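Structure, rendered in structure tokens:
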């Protein structure tokens, strides 16, 4: 513990001195050092990450590296409020049985075969991650995978890995799939429609590639499942295992969620119609829905806010965004952008490949929100050098989401799912059991995304 | 009135080395819902309750899935029940146990039971050795006696 602490401080201080020697001024070097403490803090001291950003942000203020007004501005309250609203809605859906209903749908697949199960789990994992966040989605998919594997007496690990890989891929399909989606949308001006027309198709192609790869990779477990299905017969018991009474509450909850998604999908048009600033409707729709939920369920309103909103994570995000803002405020990201542009030979395509590669590799080790937060001000700085930012935003999104598949600590969904596997089945996955399939899927999907971004003109508009 | 005046001094306990299946047999025979786990020097190691067994045999993600109704018994419950003889009490017991001292007042014991949501609490002496146990029933019965005097 103490060794790791000194390692963290040592690396951060060295990075500060190296930055200073490399041409950054004192405030820039300090902002880089403090941000690095937060980044390494998430890697080495996950439980203490909030303490690190609290202390780091205070140090930025006390050393006058950033002023209070700018720190608050960069904390991105808009993104935080969007996430609060969505978390309240997810809490409502959970309480009304929506997710259990989805699990029961998976258990009711008729004429089940191993391939049908694999494709269904992949599709539902990806689509659910698109509609809610990846962490919420994976818990319910894992529940369904466990019940089916238990019933047919096969090891759940391969199917759990597939569902996590699909979840991470799916999380890149919409603004809602991953906190980095809304973060990029809020900072880039990309709309929900942009995500649907540009990110969603890439996600579907990557998902098809995943199914193709795992169909071959896990041919033996799939064969075994097919044999068990033949031996044990149809999944009659599973069909009646879980039920969610179609009560009024579930229907109303679904209606609220559906209307929210519909309005979010139209946010850009509504903003144009009502002459509002970009993303005003996108960011307020979840708040309006959450407000309605809290009127409808007024007796449970406090529970939705106190239990369903992950304040620990959101406070970490806020101060992390503020620290990344300090990099921008001090001009450190302009210098970094100039350096990256030079490395890429001032070639937009080279830069795109550089960003998607670095973000994919980085998010295989780091939390992708941390990585994307660091990259956002750098990408904003490319505008001053004359680059078209749109392909770079997409490169960042896909690198950040798809890279999470490479290692078992690459995304929160991986950690949550493997935690359940260990607790429920006493199976502790080795690093390499995940790594080879994760690497294959990570490389193939990242290359597919990069090629689509390079070749298709819609990403360069 | 102090806790030591009403506590049960003959404490039935587990050592932690029993299998969960054996411990289940013991609490079934004694018709109680849980027992403290105490070593040979009377140090408290933890508390083993029926709730711990339910936690083992039911999926851990139940609380996160939200509202639903089990229409049948999951196949894995049977397997998990059969595996109880492979698990030791020390592996599944609750180690963060609420305790009281011998000279704790009854109202304080009642307050702890209510706010910490526990049914029974081991009583420790000054050397932190287990000297007794009190249950909600013991506290309520004693408070009632005081009120009726």
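Protein chains in written order, with our numbering: chain Y, 8 to 468; chain X, 31 to 179. All residues carry an ideal CB built from backbone N, CA and C; glycine is no exception. Keep in mind it's a predicted model, so treat the numbers as computed, not measured.
Within the DSSP secondary-structure output, residue 130 of chain X pairs in a beta bridge with X/153. At a cut-off of 8 Å between beta carbons, residue 248 of chain Y contacts chain X. By the Cβ test, the segment 402-412 of chain Y is in contact with the segment 348-366 of chain Y, since at least three Cβ pairs between them sit closer than 8 Å. Assignment of residue 32 of chain X by DSSP, reduced to helix, strand and coil, places it in the strand class. The beta-carbon separation of residue 327 of chain Y and residue 60 of chain Y, rounded to 6 Å, stays under the 8 Å limit for a contact. Apart from sequence neighbours up to five positions away, the residues of its chain that approach residue 213 of chain Y with a beta-carbon distance below 6 Å are 176, 452 and 455, ordered along the chain.
The segment 60-73 of chain X and the segment 96-106 of chain X do not touch, with fewer than three beta-carbon pairs separated by less than 8 Å. Note that the C-beta distance between residue 319 of chain Y and residue 57 of chain Y is below 8 Å.
Taking C-beta separations shorter than 6 Å and ignoring five residues to either side along the sequence, the partners of residue 188 of chain Y in its chain run 182, following chain order. Counting only residues of its own chain and dropping the five nearest sequence neighbours on each side, residue 196 of chain Y has a CB closer than 6 Å to the CB of 285.
When the Cα atoms are used, residue 132 of chain Y and residue 156 of chain X turn out to be separated by approximately 56 Å. Residue 104 of chain Y has a beta carbon lying within less than 8 Å of a beta carbon in chain X.
In this structure, the beta-carbon distance from residue 122 of chain X to residue 152 of chain X does not fall below 8 Å. Within the segment 68-145 of chain Y, complete alpha helix (DSSP H) segments of at least 4 residues are found at 75-81, 84-103, 105-114 and 121-138, given in chain order. Residue 114 of chain X places its beta carbon 8 Å or farther from that of residue 33 of chain X. Note that the segment 287-307 of chain Y does not touch the segment 340-358 of chain Y; fewer than 3 beta-carbon pairs, one per stretch, sit closer than 8 Å. Rounded to whole angstroms, the gap between the alpha carbons of residue 445 of chain Y and residue 152 of chain Y is 19 Å.
DSSP places residue 225 of chain Y outside both helix and strand once states are collapsed to three, so it counts as coil. Contact of residue 155 of chain X with chain Y is not assigned, every C-beta pair being separated by 8 Å or more. Comparing alpha carbon positions, the residue from Y/55, Y/14 and Y/225 closest to residue 167 of chain Y is Y/225. Cβ neighbours of residue 251 of chain Y within its own chain (closer than 7 Å, five residues either side excluded): 104, 107, 108, 111 and 257.
Between the segment 74-86 of chain X and the segment 52-65 of chain X there are three or more C-beta pairs closer than 8 Å, enough to call the two in contact. Here residue 137 of chain Y is buried, its C-beta having at least 16 other C-beta atoms within 10 Å. Within the segment 87-114 of chain X, contact with chain Y at the beta-carbon level (separation under 8 Å) is assigned to 89, 90, 91, 94, 95, 96, 97, 98, 99, 100, 101, 102, 104, 105, 106 and 109.
Between residue 26 of chain Y and residue 44 of chain Y the beta-carbon gap is near 14 Å, outside 8 Å, which marks them as no contact. A residue is called buried when at least 16 other Cβ atoms come within 10 angstroms of its Cβ; residue 81 of chain Y meets this threshold and is buried. Closest in alpha carbon position to residue 191 of chain Y, among Y/379, Y/464, Y/393 and Y/449, is Y/379. Contact between residue 90 of chain Y and residue 186 of chain Y holds: CB atoms are separated by about 7 Å, below the 8 Å threshold. Within 7 Å of the CB of residue 147 of chain Y, the CB atoms of chain X belong to 95, in sequence order along the chain. By the Cβ test, the segment 143-152 of chain Y is in contact with the segment 109-129 of chain Y, since at least three Cβ pairs between them sit closer than 8 Å. By the Cβ test, the segment 26-40 of chain Y is in contact with the segment 328-337 of chain Y, since at least three Cβ pairs between them sit closer than 8 Å. The continuous alpha helix (DSSP H) containing residue 93 of chain X extends over residues 92-95. Residue 75 of chain X is positioned such that its CB atom lies closer than 8 Å to that of residue 120 of chain X. With respect to chain X, the C-beta atom of residue 315 of chain Y has no partner C-beta closer than 8 Å. DSSP places residue 325 of chain Y in the uninterrupted alpha helix (DSSP H) bounded by 318-336. Interface flag for residue 154 of chain Y against chain X is set, since a Cβ pair is found closer than 8 Å.
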